Amino acid sequence: MSASFLYALVGIGLFSLSLYGLIVHAHLLRKILALNVMGSSIFLVLVALAKRTNEAPPDAVPHAMVITGIVVAVSATALALTLMLKLTAETGRAELPDDQRESH
Amino acid sequence: MEALTLLAWMFDGLLGLGLLWLAWRALTCPDLFRAIVLFIAFGLLMALAWVRLDAPDVALAEAAIGAGLTGALLMAALAKLHPTETNDNLSVQAEISRPKGRLLQWLPVVALLLVSAGLGYVVLSLPPYVTGLSAEVAANLKTSGVDNPVTAVLLNFRGYDTLLEMVVLLLALLGVWSLGGTELHRDTAPGIVLDTLARVLVPLLILVAAYLLWVGGHAPGGAFQAGAVLGAAGVLLLLAGWRPRVGLMAWPLRLMLVAGPGAFVIIAALLYMIEGQLLEFPTAQAGILILVLETAATVSIGLTLAALFLGGRPRNDKGLT
Amino acid sequence: MMLVDVLCAVLLIAGAVFFLAGTLGLLRFPDVYTRLHALTKADNVGLGLMMAGLALQAGSWAVVGKLLLIWLLVLLAGASVAHLVASGALKRGIRLWKR
Chain A
1 MSASFLYALV
11 GIGLFSLSLY
21 GLIVHAHLLR
31 KILALNVMGS
41 SIFLVLVALA
51 KRTNEAPPDA
61 VPHAMVITGI
71 VVAVSATALA
81 LTLMLKLTAE
91 TGRAELPDDQ
101 RESH
Chain B
105 MEALTLLAWM
115 FDGLLGLGLL
125 WLAWRALTCP
135 DLFRAIVLFI
145 AFGLLMALAW
155 VRLDAPDVAL
165 AEAAIGAGLT
175 GALLMAALAK
185 LHPTETNDNL
195 SVQAEISRPK
205 GRLLQWLPVV
215 ALLLVSAGLG
225 YVVLSLPPYV
235 TGLSAEVAAN
245 LKTSGVDNPV
255 TAVLLNFRGY
265 DTLLEMVVLL
275 LALLGVWSLG
285 GTELHRDTAP
295 GIVLDTLARV
305 LVPLLILVAA
315 YLLWVGGHAP
325 GGAFQAGAVL
335 GAAGVLLLLA
345 GWRPRVGLMA
355 WPLRLMLVAG
365 PGAFVIIAAL
375 LYMIEGQLLE
385 FPTAQAGILI
395 LVLETAATVS
405 IGLTLAALFL
415 GGRPRNDKGL
425 T
Chain C
426 MMLVDVLCAV
436 LLIAGAVFFL
446 AGTLGLLRFP
456 DVYTRLHALT
466 KADNVGLGLM
476 MAGLALQAGS
486 WAVVGKLLLI
496 WLLVLLAGAS
506 VAHLVASGAL
516 KRGIRLWKR
C-alpha cells in the first residue's frame, strides 16, 4: 500500500465522519461545517488517487478539478451562511423546524 | 533508504490521524467558536497533506481559500448569529442534539460504517499504478501556451469548467445580495495595530497576488491563488474598518465583478466565430489569451470573495440598496 | 555528508525544538496572555532557525530573499495578531493569572 492509498483511506474516514455530523446535528452552522469537511475529504480522495503515477509527476486533471471544487465550496458556504442568517432572523433559532418538535 | 521510508510513513500516518482527530473534534465540540478554530486548523493540516501528495497548487488554494477565507466567512457568520455572546466571552455554546431512542442513535453509525467499509474496499481494489491523463497533458503541454500543467488544464484544456466556475462565484454573490445581505458592522474604531497592519500588508498582498498570477504560468500558482490573496487583502481592509466610497460601489464595482466571467464569455464567443470551436485557443496566441483571462479572473475572484465576506448589499448615492 | 548538510540538519532540528517548546507552552500555561507569549516568541525563533537551515540549501540568492521575507511577514503577522488577541481578551474581561 503506497502513500496515496493511505491518504485515500483517510479521506474516506473523513467523509464518513462528516456525513454522520451532517445527519445528526440540528444546528445549521454545524451542518455547514460538516459539509465543508465532506468537500475536503472528497478532494483528498481525488488528489490521493491522482498520485498513483509511478515516479512520474502526478496527474494534473484531478488537481485542476479540486481547485475548482475548493472555489465552488467557498461560494456555496457563503450562500449557505447567508441563508442560515436569514432563517435565524425569521424564526429565531438556527435550526430547521422538526416535525416532532412542532407537534409539541 | 529503509529509514527514510519509515519516517515518511510515520509522518503520513500522524498527519492522517491528526486530520481525522481534528475533524472529529471540530464536528463534536459544543462551543461553536472553538469548532470554527479547529476547522481552520484542519484546513491548514489539509494544505500539508496536499504538499505530501505533490499538489502544490492545490495546497496554495486550500491554505488561502479553504482554511483562510472559509474560516473568515464562518467567523463573520457566527458574530452575526450571536452578536452578544461573541462580544462578551467568545464562547458560543450550542448544544449538540442527540436523536431519541437507541435505534435512531446507532442506525446512522452502523450504516456509515458499512458505507465506509464498502468505499475502502473499492479504493483498495483500484490498480496501484495508473497514468490517468498525465500522458496526454504532458504531450500537449507545448501547444497550451504555459509550462505549468495545472494551469494548462485549468485555463486551456478544461477552460469550459473554469468559465462555469466563475459564473458560480458570481451567482453566489448575486444570491447573497438578493437575500438582502447582512452587513458586517463595526462597533469601535480599529486600534493602531490593526490600522498599521492593514496599511503595511495590503500593498504587499497586492504585489504577492500579481507575482502569483505571473508565476502561475511556469510554477505553482495561478489565477485562483492570486484571487484568493486579493480577497484576503479585501477582508483585511474590511476588518480594519475601511468601507469603499459610495461612488465606487455602483458601476465600477459591478464592472470589475463581471470582468472575469465576462472576459471568458467574450473570448469564447470570439473564438467560436473565428475558429469554429468554443474556447479553442490558437497555439500562437494561447499564452497571451491565458494571461488576459487569468488577470480578469484574479480581479473578479478577489472582489467577489471580499464582497461575500462583507455580506451587505452595495448602496447607491441615494442611500438605497 | 557535507558540512553544509550537517549544519542545515542542526538548524532544522533546533527550530523544531523551539516549536515543540512553544506548543508545550500553549498546552500547559494557565491563561491566554502567557500562552500568547510562549507561542509568538518560541515560534518566531523556531521559524527563523528553520529558515536559516533552508537558506543553506537554497539554490540562489532570490530564494534566500524569499525565505527572509516569509520570516519577516510571519513575525509581523504573529506580533500583530498576538496584540489583537490580547487586547480582545482584555476587553472581554479575561483576567491575568496570578498565582
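Residue numbers (this note's numbering), protein chains in the order written: chain A, 1 to 104; chain B, 105 to 425; chain C, 426 to 524.
We put the beta carbon where it would ideally sit given N, CA and C, even for glycine.
As the structure is a prediction and not an experimental result, all values here were calculated from the model.
- Along the region 138–155 of chain B, the positions whose C-beta sits under 8 Å from a C-beta of chain A are Ala139, Ile140, Phe143, Phe146, Gly147, Met150, Ala153 and Trp154, read in chain order.
- With fewer than 16 neighbouring CB atoms inside 10 Å of its own CB, Gly484(C) falls in the exposed class.
- Between His508(C) and chain B, the shortest Cβ-Cβ separation is below 9 Å.
- Residues of the region 246–264 of chain B with a C-beta atom less than 7 Å from some C-beta of chain A are Pro253, Val254, Val257, Leu258 and Arg262, listed in chain order.
- Look at Asp135(B) here: in three-state DSSP terms it is strand.
- Comparing C-alpha distances from Asp251(B) to each of Gly321(B), Thr188(B), Ala302(B) and Leu407(B) shows the shortest one belongs to Gly321(B).
- Per the DSSP secondary-structure output, Glu95(A) pairs in a beta bridge with His27(A).
- Distance check between His289(B) and each of Val162(B), Ala181(B), Ile405(B) and Leu164(B) places Ala181(B) closest, using alpha-carbon atoms only.
- The Cβ-Cβ distance between Ile405(B) and Ala332(B) falls below 9 Å.
- Non-local beta-carbon contacts of Gly224(B) in its own chain, meaning distances under 8 Å to residues more than five positions away in sequence, are absent.
- When only Cα atoms are considered, Thr174(B) and Met84(A) end up about 15 Å apart.
- The beta carbon of Pro232(B) falls within 9 Å of a beta carbon belonging to chain A, placing the residue at that interface.
- With 16 or more other CB atoms across the displayed protein chains lying within 10 angstroms of its CB, Ile67(A) is buried.
- Within its own chain, the residues whose Cβ lies closer than 6 Å to the Cβ of Ala330(B), once the five positions on either side in sequence are excluded, are Ala313, Leu316, Leu317 and Thr402, listed in chain order.
- Neighbours of Val297(B) in chain C, taken as residues whose beta carbon is under 7 Å from its own, are Ser505, His508 and Leu509 in chain order.
- Rounded to the nearest whole angstrom, the CA to CA distance from Trp346(B) to Leu298(B) is 11 Å.
- Taking Asn36(A) as the centre and dropping the five residues before and after it, the same chain places the C-beta of Ala73 and Thr77 closer than 7 Å to its C-beta, in chain order.
- Taking CB atoms only, Gly345(B) has no neighbour in chain A less than 9 Å away.
- Relative to the Cα of Ala363(B), the nearest Cα in the group Val280(B), Glu398(B), Asp265(B) and Gly325(B) belongs to Glu398(B).
- Counting only the Cα atoms, Leu268(B) lies some 23 Å from Asn244(B).
- Taken atom to atom, the span from the alpha-carbon of Ile371(B) to that of Leu383(B) is near 7 Å.
- Using a CB distance below 9 Å, the part of the region 323–334 of chain B facing chain A consists of Gly326, Phe328, Gln329, Gly331 and Ala332, ordered along the chain.
- Cβ atoms of Ala48(A) and Leu342(B) stay farther apart than 8 Å, at about 36 Å.
- Bridge pairing for Gln197(B): Asp135(B) [DSSP].
- Setting aside the 5 residues that flank it on each side, Ala50(A) is surrounded in the same chain by Pro58, Asp59, Pro62 and His63, each with a C-beta closer than 7 Å to its C-beta; the list follows chain order.
- At least one CB atom of chain A sits nearer than 9 Å to the CB of Trp113(B).
- Residues Arg417 of the same chain have their beta carbon placed closer than 6 Å to that of Trp281(B), with the five preceding and five following residues left out of the count.
- If you check the CB distance, Tyr20(A) and Leu208(B) do not come in under 9 Å.
- In summary, Lys31(A) is buried, with 16 or more beta-carbon neighbours lying within 10 Å of its beta-carbon over all protein chains present.
- Residues of the region 168–179 of chain B that bring their beta carbon within less than 7 Å of a beta carbon in chain C are absent altogether.
- Contact with chain B is found for Gly13(A), since one of that chain's Cβ atoms lies less than 9 Å from the residue's Cβ.
- With three or more CB-CB distances shorter than 8 Å, the region 140–147 of chain B counts as touching the region 108–128 of chain B.
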